[in-house]
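Enquirer: Submitted below is the structure of interest, expressed as structure tokens.
In structure tokens:
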């Protein structure tokens, strides 16, 4: 079960990280991209957020591995057996990316316009502006949404049990099935997930405080 | 969320021409071409065979969704109230409940109830002899129970915020009018909190819809289970899943549309 937990955390971290990258790119595309880019991203976020993760995971899991194998065969390589861990990370990252896009887009929109204009006036290149101004300034707005996403990511790893990947939930079911002590094992797994969530909450609170340093407090602000 | 601010008053034709920019027309054409290609080149001959089963599955999905949302909301109101205004001995368990449920995956809760409780129950003769036993042997009560609990926990948190967000002065004014506490709740507190929570509730209901396919893992035959069965029977992988995705998209659209209608009927302006 601890191995399962480790796998779960690994997937969650990987998926969340890649999802963040997709989200940042997506948010930029939605805000500054051309009309076609914007519409395509809109379609991506709408579909991913409207279709159950379970269906998406199945679709992407089968379609993704199939596609890779077909490309490899077309290029003359042998078929490979796609690693469940890698596939899981990519599938969840794809899902997370859609949500992260919306969160980060909203956060970038709440950065005061003047700051970005000032950065441009200083002659910063877009990359530098992103690194020095936009990302740090939007972080306090994005953290609550991203924290939610992280918690969703940890719980979504349980869905990979259905495609037969050995993460925490699947390991628990196997163990429970062997010992017939279903109740105990599921309770224990629940406790592990809960511990993961609670530890994350503490860390998130710390990160949020760190990201808010230097910003005026919004006590009593209606959010 | 993704709604752009309406640029003043635009009449319908102007809005249509704004929306139908050249690149959009091309994109729509591409989408239609993809759709037509999917319809022509993929295999759909299994549909007539599974039509009845699929309708049953769809009905079951919607039924579970509606029942759990209603029951869950009814549970969520006291949960939110206890956390927002209840005494400590009520607020603390409610908060613990919400944290525990929101901190563990729904799939785990579902399996805990179905496999865990389901394996414990037969050990007690008095449960086996009770009137409820025929139901407890089926899967759907566990599915409804766990989805209800999960929705209640998430909504309890939402309602806590909504109850706490109603201005105190309004409640005090209502009390000053001589309304009883129950009447204040019914006429002032509850409606205002509900309106505040409505946009979030819409999102949560979509999330609930997206949680329903999990019940297929405990042998409840919903629309997702039907798609899996088609896959297992015929070895057709993509077509059922794509159709399934389309069905969920449509249901999501209906939910969003319905909540928009309800929202449009809110008589008050929430500042």
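Chains as they are written, first to last, in this note's numbering: chain R, 1 to 223; chain E, 1001 to 1271. The C-beta atom is built at its ideal place from N, Cα and C for all residues, glycine as well.
What are the boundary residues of the alpha helix (DSSP H) that includes residue 155(R)?
Expert: 135 to 156 is the extent of the alpha helix (DSSP H) around residue 155(R).
Enquirer: Select from 1174(E), 1203(E), 1213(E) and 1074(E) the residue whose C-alpha is nearest the C-alpha of residue 1189(E).
Expert: Answer by Cα proximity: 1174(E).
Enquirer: Anything in chain C within Cβ reach of residue 188(R), meaning under 8 Å, just list it in chain order.
Expert: Chain labels in this structure do not include chain C; the protein chains are R and E.
Enquirer: Anything in the region 1106 to 1133 of chain E with a Cβ closer than 7 Å to a Cβ of chain R? List those residues in chain order, please.
Expert: Result list: 1107, 1108, 1111, 1112, 1115, 1116, 1119 and 1120.
Enquirer: Show which residues of chain E have a CB atom less than 8 Å away from the CB atom of residue 173(R).
Expert: By Cβ distance, chain E contributes 1111 and 1115.
Enquirer: Heavy atom of the ligand FMN less than 8 Å from the Cβ of residue 1234(E), yes or no?
Expert: The model on display carries no ligand, and the ligand FMN is accordingly not part of it.
Enquirer: Do you know offhand how far residue 1025(E)'s Cα is from residue 1256(E)'s?
Expert: Using only the alpha carbons, I get a separation of about 25 Å.
Enquirer: First and last residue of the alpha helix (DSSP H) that includes residue 1174(E)?
Expert: Residue 1174(E) -> alpha helix (DSSP H) spans 1168 to 1176.
Enquirer: Measure from the alpha carbon of residue 1194(E) to the alpha carbon of each residue in 1045(E), 1150(E), 1148(E) and 1160(E), then state which is nearest.
Expert: The shortest C-alpha separation from residue 1194(E) is found at 1160(E).
Enquirer: Closer than 7 Å, Cβ to Cβ, to anything on chain R: give me those residues from the region 1018 to 1042 of chain E, in chain order.
Expert: Result list: 1021, 1023, 1024 and 1027.
Enquirer: Give the secondary structure of residue 223(R) by DSSP, where H, G and I count as helix, E and B as strand, and everything else as coil.
Expert: Confidence at residue 223(R) is low in this model, with a pLDDT of 37, below 50, so the placement of that residue should be treated as unreliable; the coordinate-derived value is given next. If DSSP states are grouped into helix, strand and coil, residue 223(R) belongs with coil.
Enquirer: Does the separation of the CB atoms of residue 291(R) and residue 169(R) fall below 9 Å?
Expert: As shown, chain R starts at 1 and ends at 223. That puts residue 291(R) outside it, with no answer to give.
Enquirer: Only counting runs of 4 or more residues, tell me where the alpha helix (DSSP H) segments fall wholly within the region 1138 to 1172 of chain E, in order along the chain.
Expert: For the region 1138 to 1172 of chain E, whole alpha helix (DSSP H) runs of length 4 or above, ordered along the chain, are 1140 to 1165.
Enquirer: Taking Cβ positions, are residue 185(R) and residue 173(R) nearer each other than 9 Å?
Expert: Cβ atoms of residue 185(R) and residue 173(R): closer than 9 Å.
Enquirer: Closest by CA to residue 1212(E), which one among 1185(E), 1248(E) and 1202(E)?
Expert: That would be 1248(E), whose Cα lies nearest to the Cα of residue 1212(E).
Enquirer: Residues of the region 50 to 78 of chain R with a CB closer than 7 Å to any CB of chain E: list them in chain order, please.
Expert: Here the close residues are 50, 51, 52, 53, 54, 55, 58, 59, 62 and 63.
Enquirer: With a cut-off of 8 Å, do at least 3 Cβ pairs link the region 2 to 9 of chain R to the region 140 to 150 of chain R?
Expert: The region 2 to 9 of chain R, when compared against the region 140 to 150 of chain R, does not touch it at the 8 Å Cβ threshold.
Enquirer: Can you list, in chain order, the residues of its chain with a C-beta nearer than 8 Å to that of residue 1045(E)? Leave out the 5 residues immediately preceding and following it.
Expert: Excluding positions up to five away in sequence, the list is empty.
Enquirer: Can you tell which of 102(R), 134(R) and 103(R) has the C-alpha that lies nearest to the C-alpha of residue 117(R)?
Expert: Looking at the Cα atoms, 134(R) is the closest of the given residues.
Enquirer: With 9 Å as the threshold, decide whether the Cβ of residue 1137(E) is near any Cβ in chain R.
Expert: Cβ-Cβ to chain R under 9 Å: no for residue 1137(E).
Enquirer: Drop a sphere of 10 angstroms on the beta-carbon of residue 1146(E), count the other beta-carbons inside from all chains shown, and report buried for 16 or more, exposed for fewer.
Expert: So residue 1146(E) counts as buried.
Enquirer: Can you pull the chain R residues whose beta carbon is under 8 Å from the beta carbon of residue 1217(E), in chain order?
Expert: Within 8 Å Cβ-Cβ: 162.
Enquirer: Of all the CB atoms in chain R, is at least one closer than 9 Å to the CB of residue 1249(E)?
Expert: Closer than 9 Å: yes.
Enquirer: Name, please, each residue of chain R whose Cβ falls closer than 8 Å to the Cβ of residue 1213(E).
Expert: Near residue 1213(E) (Cβ distances below 8 Å), the residues of chain R are 52, 54 and 55.
Enquirer: Mind checking which residues open and close the alpha helix (DSSP H) that includes residue 91(R)?
Expert: Taken as a continuous stretch (DSSP letters only), the alpha helix (DSSP H) holding residue 91(R) covers 84 to 109.
Enquirer: If contacts are defined as beta-carbon pairs under 8 Å, then residue 1057(E) and residue 1225(E) qualify, I think. What distance do you get, rounded to the angstrom?
Expert: Sure, about 6 Å apart at Cβ, within 8 Å.
Enquirer: With three or more beta-carbon pairs closer than 8 Å as the criterion, would you say the region 44 to 57 of chain R touches the region 123 to 130 of chain R?
Expert: The region 44 to 57 of chain R, when compared against the region 123 to 130 of chain R, does not touch it at the 8 Å Cβ threshold.
Enquirer: Compute the Euclidean distance between the alpha carbons of residue 120(R) and residue 67(R), then round it to the nearest angstrom.
Expert: For residue 120(R) and residue 67(R), the distance between alpha carbons rounds to 43 Å.
Enquirer: So which of 109(R), 139(R), 136(R) and 181(R) has the shortest CA-CA distance to residue 31(R)?
Expert: It is 109(R) whose Cα lies nearest to the Cα of residue 31(R).
Enquirer: So, for residue 1068(E): in the same chain, excluding its five sequence neighbours on each side, which residues have a beta-carbon less than 7 Å away from its beta-carbon?
Expert: Cβ within range, chain order: 1144, 1147, 1148, 1151 and 1208.
Enquirer: For residue 1178(E), count neighbouring Cβ atoms within 10 angstroms of its own Cβ and tell me buried if that reaches 16, exposed if not.
Expert: With fewer than 16 Cβ atoms within 10 Å of its Cβ, residue 1178(E) is classed as exposed.
Enquirer: When the Cα atoms are used, what is the spatial distance from residue 1142(E) to residue 1099(E)?
Expert: Approximately 21 Å, taken between the alpha carbons.
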